[in-house]
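Trainee:
Chains as they are written, first to last, in the working numbering: chain A, 2 to 484; chain B, 927 to 1027; chain C, 257 to 877; chain D, 45 to 562; chain E, 7 to 184.
If you want it as structure tokens, here you go:
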């Protein structure tokens, strides 16, 4: 057993506890620094994760293979840490809108992060279950953190009920899968899965597990919660939900589909194609008439789940690496967008698109950030979204020879992108050429948040212009399934 | 009829379905939440019976985790519902529709 | 060929003048006009020098640089210098020079004088290009350029709506002809693989059936070009309207040179046409001659009368070409250039004298006020009517003779009738304008034009008078007739005697026409003819309603198609298709999001429904 | 490898755009100066490159290649051959002219210039790229500023609708083409996005007929939509009608040519069999542009819509040239592309000026403008003449070459006849009508005091474009000599020795037949 | 008689007991979600307790004695008390009789019915390969060992989860916001 593999997780959990305790002796006005301290600590961890020291050496596994530290895990861990860092920046800005404990908010984010880190390494249904529950339950709290606002509570309850519902499905699915095969470990399951391909109860169980994961990533037909929860939750939570929780769903989905039951997955090509196609269309179409920014991004996140599913549906290494790459781009893009929303709506009740009116005069930096984020979401070069979509489309089309359905999928994705142009540009339009600009007061930005925004912008450009490094990392991570 | 795994599973799934029905038909948040517990319990039953018939204790361990997690979930959920009730004076799902479309 | 550079200089001098005027001297009227005049006059001198050095038939008649070479498509920028082109160069620069000089004074009051001369030089360049080009593409290029210079000059007074309309009409009508011309060029090139006239000629001479079944069509398509430019029926409608331009323009472009380009082109490419094609050409020419002459009888605008007469004469020339008589055609073209330019310039002089009044029924008795103009006009009129020994007589006679030679008596009859009509309407104009009473105040105060204007008149009058026997026909003959013998001056003077029938009939009808005009219009204050002819006169006056017919058919049709297309674009493509897709998408979006009721129960239900669907999809079967 | 001049040409505008981000918005003079300099320098460099281009040499020049994503076979690879050297030159000149014309923009100048420079860099990059990915990405990169510029600085009440339509249409087109390009990459099996390598590879291992028949229509219609191929044209006139002049100049003039360039560069040589079978259809569709849109143009009541429709109609000639699939036709197509670039830029620049001065482009409200606006009027007149294919302007050479090329293909004769009709008649009708109603006629009182472009700077863009049109119109061999060798190579690839009897064009080009391997 | 008793203890009795407990579990389950007599959440809660207790009986039949105990203690004891506590705290009246949407009920029944049908069909189609004679005993010691050796990692994670839940509950139910 090699517990040192878990350095990152242990550190993160410790950080969460420390943050919580810090609440006791930090005066109220200094609590902001707890957030920055968390950022600093996480940045340190990120550096460690790149340092290649023991904790992050590839190929290790611990606890009878329950916990693996492979390329995929490392990729996602870095991803989650970056996401958490950026969200924490945002959380600090958001702290004045949180009535309850600010330190707790930071620490819950960090705990959710720890859940995600475990999810990244989970190689066993037990770990999958507890990691997911850790994330989900933390998010119930994070979502309803603004107790003073009804929408926050409402979002929390909706997320709670539907989340619990999906957990029930997943648990039942795990029961069936384990019951039929007797295996909980993914690798062991993979070894025997082939002989259960015809066992309908087994397939039933796998489907139930996918229901649970589908809920996390907000894929059709389990997407229904996303808009409401995105809209109601505090903005940093929404951002973390959109990026972290979704990515955790994806890493587990990948592991289940491609490590645990690869042979079964191969039979479900059509299912994946259909789900991916409908998810794309649903998200984009519903976003069209949407005026609430966060809700708009909620729908858009459904659509993006669909794009990401392209990479899954492609059932190929290039698909998986494209997915990972796209997620990386999505991270910077979405967090950038939510950061802007968070800052713009500071003194506003609603998150309507009109809140962005005149933003280019109020804060050129935020205006350009939002523009770039929307452009990246829409998939415009040279931003991350473009290269990501390019890779995904490529992966899908590569499979066209196998199944013509992939061509249809590619065209659906295309239709989705076209539709999405409309509403993404609607946002940009609201920024630059709104007729009635109500508020023209400049928005003051703190130094750290500027840094965060710049990181996001840099990330979008970096992934779009110099994709090699990230792509190599994604390829490396996707190799996990090639074995 | 000899009672075997199949029977246990049938019962467990029926229980699961009952929970499901409760979730989609009842409108009181607390009852919905109870129905969810019912579903989790159905999973527990399935796990225990598999464990019994497959001669493998791992299932029971899982049940253990599920119960714990369910307890945590219940506590958070109930706290949330209470908080909501304080704001809204209702635990009725139809009163929770400020966000839609 | 010696002094090979000379033709290039001749060609490009006017273009240079245009460029210099447009770029530098647009504000300086005198300088601009002098530049333009010197360009064309220098061209004239250089042409004479070149002819003097090389003779009418230079040894190597072509000089070229490659202009465009893509695969099979070789188009040279090449000049062909033979008797035909050099004669035309003389006409263009010579008559053109006279008109340029005349314009110096004529346009004196106009603010746009510099612009005028720029356009005139551009025209001269283009016209020289047509006559000098050695291949179809080059000719087409200049063909188009001539069209546009004409467009610019007709629309010179662009603020007058009628001028703008006339320019537009001329341009588009010309374009119709060019459409056929270009297709003809494409067809010939497609079959014979070359654009060069000499190459084409030799391949057709070598194999007369080279064009195969397409010969007639190709010929007629090329003729379309001539139809447009030389205003043959049914594309003749633009020419009368083109009189909206300044009078020198009418003289230069719409009488002497550009409208003759069609005839020139037919003669240049005569080898292309087979008998059928020529037949069609001849009849179209004859019909145009007749039609235009009839119309001319009832016009009242001094310039328009001359314009219709131009039309009629062009029909004559085309008919001559169609009757396989390029020499008579070119001969008539040349003399026509002299006397018609003369007539126009004289008319211009009258118009200036009349303070821009152009209605002949406002004039009268001008011979007293404008004696020089009177005489020059008389010479032009006599030449036009075909009274010996004026130049028109010789050339017209050669055409009549050609009709007889070809034994086409129908066309001979037409030609004779037209000759009579020509004399009639010409002298109708003459008598009304110069005799009788002054019919308006302007006429009473008319005055003779300055020397700069009258001098070119005199020069042209001299040529209009003696043009028939100074070797013009000789030159053309040497071009077109294989064993041509050069005639002496005396022989030339007596040349018509070779076809006495034609000569006598020609002189007879001309005199009859003059007499009739004299008797009707000697002292007429109004036109007596409508009373006598009734409906026919109205029809003549209204140009046989051809403009109206075109308006009602061709133009309306095109407009209708355009309207339909616009409607389709507006309603079906943009409205229905795009609107449908857009609206459909939007509506789907709005409908889809209705499921987001905000009600948790609905959500749970949809979730379960989704599960059921997925299960059914995978395991249901 | 040393840095290619092309890298400077496309890099300078992009760098300047980045630089502008950091210039405060109220330093108007500096912003303008930077923008002008950042377009002037590439123009000078492009002219230099054009002059240095070795004529008669098959293959790419001024190449530069930097590996980018090696695992996917992508690299930053720029270079020019005969097919795109003229386009790069044209793009650079138009970009400079557009920057000069941007004085009409009065609000948010900084943003406008940034977008303009981005667009310029994107355009030049798209034409200079020899890597499919960059080729596409640069185009997309240039496209987006177009939408924003129309949306923000556009005119007319319908600008939102226009923005919407142009965005959706062009996005669809671009994405269809993207799918086609990716499919091409995948199915070729060459594992490279590098165009020269791909061409080489496919020459040795032709694509299967099935792949060709799948990919070719995608590229044809994808690129076709980008070029407003009938019946996907309705965005164009509307969009240009609403666009600010510099945007319309750059898009209608240059960016739009991307689709055509893509067809010639990628679709034809790589998928010859499919090309053969689709060319008939393309030829008939191009009539939709030439005739139908021409007629629509006749009916327009707004000068910009008229110009926009005429620009759509002109695309038909290029399609016809491509459809002829022979050396003359393709060369002609490239010529028209370049010529039309200058022309469209010129006309939109002029209409922009008129709009700026009068505040309207409704033809019925204008008239007699030749009097107050002498320079502008005359230039517009010349542009209109160039637009109806008058010799002396580059358009004529291109169009006539296209006709010659199309005439060589017996099956396209009918189409050619109709196209000639469209070129000579319909074009003349709407152009002269516009001239008559806008420039000729009496001057309404309210316009009699309009200020003409008087100083050199104001005149410069128009003069520059006009001179370009005239230079290439008078000396087309400047272009054709460069185009022909590479076009010949392309046409050879697009006309493989096929066993089908009567295959188009090959039999008609004797020198080509001998060049083909037996 | 002894034989009969043996028979019952060996085979018949557990089977019969199964049917009894199963029936009770399902019956109470139905009463939780669709009590025709009362829509009061308290009633539902009470029936849920009964369901859980019946289920504990099934656990016993499956020889999972420890879990049966946990089930009763944690669920029936702790969780349900929590529920009841909350119900009382909120003073929830009987659920108002808002109009019942028949369409919704039918649609719900149909979709749940589909899922059940597919499950049962799959169940019949699957050879579960179950052991003829189940032998595993719910050995508490063994469970403990497993939990603290092989499953120590999830166990630790769950502990974090509980911490989070605790914090969350406090935050959410704190009376006065700062």
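Even glycine gets a Cβ: it sits at the ideal position worked out from N, Cα and C. Since we're looking at a predicted model, the values are computed, not measured.
If we cut at 7 Å on Cβ distances, does residue 240(A) have a partner in chain B?
Mentor: Against the first chain, residue 240(A) aligns to sequence position 239. Answer no: the Cβ-Cβ gap between residue 240(A) and chain B never drops below 7 Å.
Trainee: I want to verify the contact list: residues of chain C whose CB lies under 8 Å from the CB of residue 1023(B), in sequence order.
Mentor: To locate residue 1023(B), count along the second chain from 1; it is residue 97. The contacting residues are 853, 854, 855.
Trainee: Give the C-beta separation of residue 168(D) and residue 135(D) to the nearest angstrom, bearing in mind that I take them to be a contact with Cβ-Cβ under 8 Å.
Mentor: Walking along the fourth chain from the start, residue 168(D) turns up at place 124. Walking along the fourth chain from the start, residue 135(D) turns up at place 91. Taking a contact as a CB-CB distance under 8 Å, the pair residue 168(D) and residue 135(D) counts as one, their CB atoms being some 5 Å apart.
Trainee: Taking DSSP's pairing of strands, which residues face residue 111(D) in a bridge?
Mentor: Within the fourth chain, residue 111(D) is the residue found at index 67, counting from 1. The partner list for residue 111(D) (beta bridge, DSSP) reads 119(D).
Trainee: Considering only their Cβ atoms, is the gap separating residue 306(A) from residue 402(A) smaller than 7 Å?
Mentor: As a working note, residue 402(A) is residue 401 in the first chain. As a working note, residue 306(A) is residue 305 in the first chain. Cβ atoms of residue 402(A) and residue 306(A): not closer than 7 Å.
Trainee: Please list the terminal residues of the continuous beta strand (DSSP E) segment that includes residue 387(C).
Mentor: By one-based count along the third chain, residue 387(C) stands at place 131. Note, residue 387(C): premise wrong, no beta strand (DSSP E); alpha helix (DSSP H) at 369-388.
Trainee: Using beta carbons (cut-off 7 Å, strictly below), is residue 960(B) in contact with chain E?
Mentor: Along the second chain, read from residue 1 onward, the residue named residue 960(B) stands at position 34. Output row for residue 960(B): interface = yes.
Trainee: Measuring only between beta-carbons, confirm whether residue 837(C) sits less than 7 Å from chain E.
Mentor: For this step, residue 837(C) is matched to residue 581 along the third chain. No - not a single Cβ of chain E is within 7 Å of the one on residue 837(C).
Trainee: Going by C-alpha to C-alpha distance, which of 390(D), 415(D), 293(D) sits closest to residue 509(D)?
Mentor: For the purposes of this step, residue 509(D) is taken as residue 465 along the fourth chain, with counting starting at 1. Of 390(D), 415(D), 293(D), the residue nearest in Cα terms is 390(D).
Trainee: Using the Cα positions of residue 138(E) and residue 928(B), report the straight-line distance between them to the nearest angstrom.
Mentor: Locating residue 138(E) in the fifth chain gives position 132, counting from the first residue. Locating residue 928(B) in the second chain gives position 2, counting from the first residue. Low confidence applies here, because residue 138(E) scores a pLDDT of 49, under 50, leaving its location unreliable and the question unanswered by this model.
Trainee: What runs of the alpha helix (DSSP H), each 4 residues or longer, lie entirely inside the region 690-778 of chain C?
Mentor: 697-700, 707-722, 728-736, 745-750, 756-777
Trainee: Nearest CA to the CA of residue 342(A): which residue from 467(A), 325(A), 360(A)?
Mentor: For this step, residue 342(A) is matched to residue 341 along the first chain. Residue 342(A) has its Cα closest to that of 360(A), out of 467(A), 325(A), 360(A).
Trainee: Alpha carbon to alpha carbon, how far is residue 585(C) from residue 384(D)?
Mentor: Taking the first residue of the third chain as 1, we reach residue 585(C) at position 329. Taking the first residue of the fourth chain as 1, we reach residue 384(D) at position 340. For residue 585(C) and residue 384(D), the distance between alpha carbons rounds to 42 Å.
Trainee: Mind checking residue 497(C): buried by the 16 CB within 10 Å criterion, or exposed?
Mentor: On the third chain, residue 497(C) is found 241 positions in, with the first residue counted as 1. Buried: at least 16 other Cβ atoms inside 10 Å.
Trainee: May I have the straight-line CA-CA distance separating residue 232(D) from residue 400(A), to the nearest angstrom?
Mentor: In the fourth chain, the residue the question calls residue 232(D) occupies position 188. In the first chain, the residue the question calls residue 400(A) occupies position 399. Spanning the two alpha carbons is a distance of roughly 14 Å.
Trainee: Between residue 468(A) and the rest of its own chain, which residues show a CB-CB distance below 6 Å, the 5 nearest in sequence each way excluded?
Mentor: Translated into the one-based positions of the first chain, residue 468(A) becomes position 467. Excluding positions up to five away in sequence, the list reads 388.
Trainee: Can you check whether the CB of residue 167(E) is closer than 7 Å to the CB of residue 67(A)?
Mentor: One-based indexing of the first chain puts residue 67(A) at position 66. One-based indexing of the fifth chain puts residue 167(E) at position 161. Contact flag unset, no.
Trainee: Interface residues of chain E around residue 861(C) at Cβ under 9 Å?
Mentor: Sequence index remark: in the third chain, residue 861(C) carries index 605 (1-based). Near residue 861(C) (Cβ distances below 9 Å), the residues of chain E are 110, 113, 114, 117.
Trainee: Given a limit of 9 Å on CB to CB distance, which residues of the region 401-414 of chain C reach chain D?
Mentor: 401, 403, 404, 407, 408, 411, 414
Trainee: Using the Cα positions of residue 297(D) and residue 386(D), report the straight-line distance between them to the nearest angstrom.
Mentor: One-based indexing of the fourth chain puts residue 297(D) at position 253. One-based indexing of the fourth chain puts residue 386(D) at position 342. Approximately 6 Å, taken between the alpha carbons.
Trainee: If I measure Cβ to Cβ from residue 304(D) and keep anything under 6 Å in the same chain, skipping five residues before and after, which residues do I get?
Mentor: Taking the first residue of the fourth chain as 1, we reach residue 304(D) at position 260. Excluding residues within five positions, the ones whose Cβ falls inside 6 Å are 271, 362, 381.
Trainee: Reducing DSSP to helix, strand and coil, say where residue 175(D) ends up.
Mentor: Working through the fourth chain from its first residue, we reach residue 175(D) at position 131. Here residue 175(D) sits in strand by DSSP.
Trainee: Helix or strand or just coil, what does DSSP make of residue 138(E)?
Mentor: Position 132 of the fifth chain, counted from the first residue, corresponds to residue 138(E). Any reading at residue 138(E) must be qualified, since the residue scores a pLDDT of 49, below 50, and its modelled position is unreliable; the value itself is stated next. Residue 138(E): coil per DSSP, three-state reduction.
Trainee: Does residue 365(C) have its Cβ less than 7 Å from a Cβ in chain D?
Mentor: Stepping through the third chain from its first residue, residue 365(C) is reached at position 109. Output row for residue 365(C): interface = no.
Trainee: Output the residue ranges of the beta strand (DSSP E) runs that lie fully inside the region 42-122 of chain E and measure 3 residues or longer, sorted by chain position.
Mentor: none
Trainee: Could you name the residues of chain C that residue 275(D) contacts, counting a contact when the two beta carbons are closer than 7 Å?
Mentor: Locating residue 275(D) in the fourth chain gives position 231, counting from the first residue. What residue 275(D) touches in chain C: 829.
Trainee: Check the Cβ of residue 127(A) against every Cβ in chain B and list those closer than 9 Å, keeping chain order.
Mentor: Looking up residue 127(A) in the first chain gives position 126. Under the 9 Å cutoff, chain B gives 984, 987, 988, 991.
Trainee: For a contact defined as C-beta to C-beta under 9 Å, what are the partners of residue 447(C) on chain D?
Mentor: Along the third chain, read from residue 1 onward, the residue named residue 447(C) stands at position 191. Correct list: empty, because the minimum Cβ distance to chain D is about 10 Å.
Trainee: I'd like the list of long-range same chain contacts for residue 480(A), defined as Cβ closer than 7 Å, with 5 residues on each side in sequence excluded.
Mentor: Here residue 480(A) refers to the residue found at position 479 of the first chain. The beta carbon of residue 480(A) lies closer than 7 Å to those of 72 in the same chain, with the five residues before and after it left out.
Trainee: Along the alpha helix (DSSP H) that carries residue 257(D), what are the first and last residues, could you check?
Mentor: Start at 1 with the first residue of the fourth chain, and residue 257(D) comes out as number 213. Counting along the chain, residue 257(D) sits inside the alpha helix (DSSP H) bounded by residues 253-270.
Trainee: So, for residue 267(D): in the same chain, excluding its five sequence neighbours on each side, which residues have a beta-carbon less than 6 Å away from its beta-carbon?
Mentor: Taking the first residue of the fourth chain as position 1, residue 267(D) is located at position 223. So the qualifying residues of the chain are 221, 303, 306, 307.
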